[in-house]
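In the working numbering, the protein residues as written are -14 to 438. Virtual Cβ for every residue (Gly too), placed ideally from N, Cα, C. Below is one structure, written out as structure tokens; comments come after it.
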């Protein structure tokens, strides 16, 4: 079950290219189809040399693409013009008198620049425009540098937010994960606590921005050493749970992978909340789809969330084993989870074993091995190799139960309120179909606030 199409709708087009390269390496789709997809993506960029390379592979020719070659003179002229204008601004910023006040508040800095250099907003916007130009040709480091200077000088909240999206995209494409994580957290703060009404205007815009954030954050969270714990902490917040349930249900796959493999001491509590989320999502799907359609789409359900559901909600060890087996090819062909395959499968097998020995008093090693997807000999060796075997149920103290229950009270309340609200909207939409059409139009409006349009 490939999620590239769903995730790509929320990514900048430059960020989709690495996903297509990965699919090509894994031979998930025919190579010609992926080359065509790359070429279509590049049509909206100014990466002329790259596009020519794809054109040559597609058409088995040494000729360049006439379509892109026609763009070259205009792209070069625009680049040179913006480069010259930006160089003047950078020269001013490197003046010793400016460096002395560079770390002061923006208003103080701008006032100083206005008086001494007759600095204007148009000069600041030149940096933004040149950053976009650099980004469009694939010069991500140059774009990141321009956006850094722009954000020091700009007092426009909306453009600053757009520049932050652009800076994040640059750092992701440059694979600078420490810097990318810093920019990601700055962006989250702006989305959750907008500095002005123009940065993130309303709740609908916040929902849309969080949807984009969830997709972009996967690059950072699955490449930074501390990223997985950060993903859990972020995605388990009520506002982001609401976004996942409303617009990004596919993100439950990545939340599941992180919670299953986490070493966090709160893993049991996190797992309980994940089980509730997966069950809630499946219940919502059953409401949306009729029984016949639901059975027809059964095979399309995500095997990672399916594993959690069959093991902890249905307590069906046979189905859990099937789901775990289905996870292997999915993990291998997922851009973000490929490196987690062995860790996930081993941890998931341990989870099956722990659940199994809690349910049954007597254990047949043959049956247990089959449940774990192993031969009898492999099963015996696997059990022997376990460092610790906990038989029977584990009981926590009353004190610890109170802590865990109250810790998640706010989350569960918000989740319940979100489900009720969604149900009310569904009922209202059925009564008046026009309401749903208006909502889609509003959603499309919000997608224009990213850096690269």
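Taking 8 Å as the upper bound for CB-CB distance, residue 298 and residue 245 are not in contact here, some 15 Å apart. In this structure, residue 142 lies near residue 180, with their beta-carbon atoms less than 8 Å apart. The alpha-carbon of residue 137 is positioned some 10 Å away from that of residue 109. Note that the C-beta distance between residue 243 and residue 217 is below 8 Å.
For residue 108, the secondary structure class from DSSP, reduced to helix, strand or coil, is helix.
Taking 8 Å as the upper bound for CB-CB distance, residue 9 and residue 19 are in contact here, some 5 Å apart. Ranking 122, 90, 309 by CA distance to the CA of residue 63 puts 122 first. Take residue 308, set aside five residues on each side of it, and the residues of its chain with a beta-carbon closer than 6 Å to its own are 288, 291, 292, 295, in chain order. A distance below 6 Å between beta-carbons, with the five flanking residues on each side excluded, links residue 220 to the following residues of its chain, in chain order: 240. Across the structure, residue 191 and residue 177 are spaced so that their CA atoms are roughly 7 Å apart. Where residue 136 is concerned, the enclosing alpha helix (DSSP H) starts and stops at 125 to 138.
Annotation for residue 313: 326, 330 place their beta carbon closer than 7 Å to its own, counting only its chain and skipping 5 residues before and after. Straight-line spacing of the CA atoms in residue 5 and residue 23 works out to 7 Å. One alpha carbon belongs to residue 52, the other to residue 157, and they sit about 29 Å apart.
For the pair residue -8 and residue 225, the Cα-to-Cα distance works out to about 16 Å.
Here the alpha carbon of residue 111 sits roughly 32 Å from the alpha carbon of residue 49. Nearest Cα to residue 231 within the set 32, 406, 260, 215: 406.
Taking a contact as a CB-CB distance under 8 Å, the pair residue 305 and residue 337 counts as one, their CB atoms being some 6 Å apart. Within 10 angstroms of the beta-carbon of residue 412 lie fewer than 16 other beta-carbons, which makes it exposed. By the 16-neighbour rule on beta-carbons within 10 angstroms, residue 318 is buried. With a threshold of 16 other beta carbon atoms within 10 Å, residue 160 falls short and is exposed. DSSP places residue 336 inside the alpha helix (DSSP H), whose first and last residues are 326 to 344.
The Cβ neighbour count for residue 105, taken over all protein chains shown within 10 Å, is under 16; the residue is labelled exposed. Looking only at 360, 272, 340, the smallest Cα-Cα distance to residue 409 is reached by 272. A direct Cα-Cα distance of roughly 21 Å separates residue 357 from residue 252.
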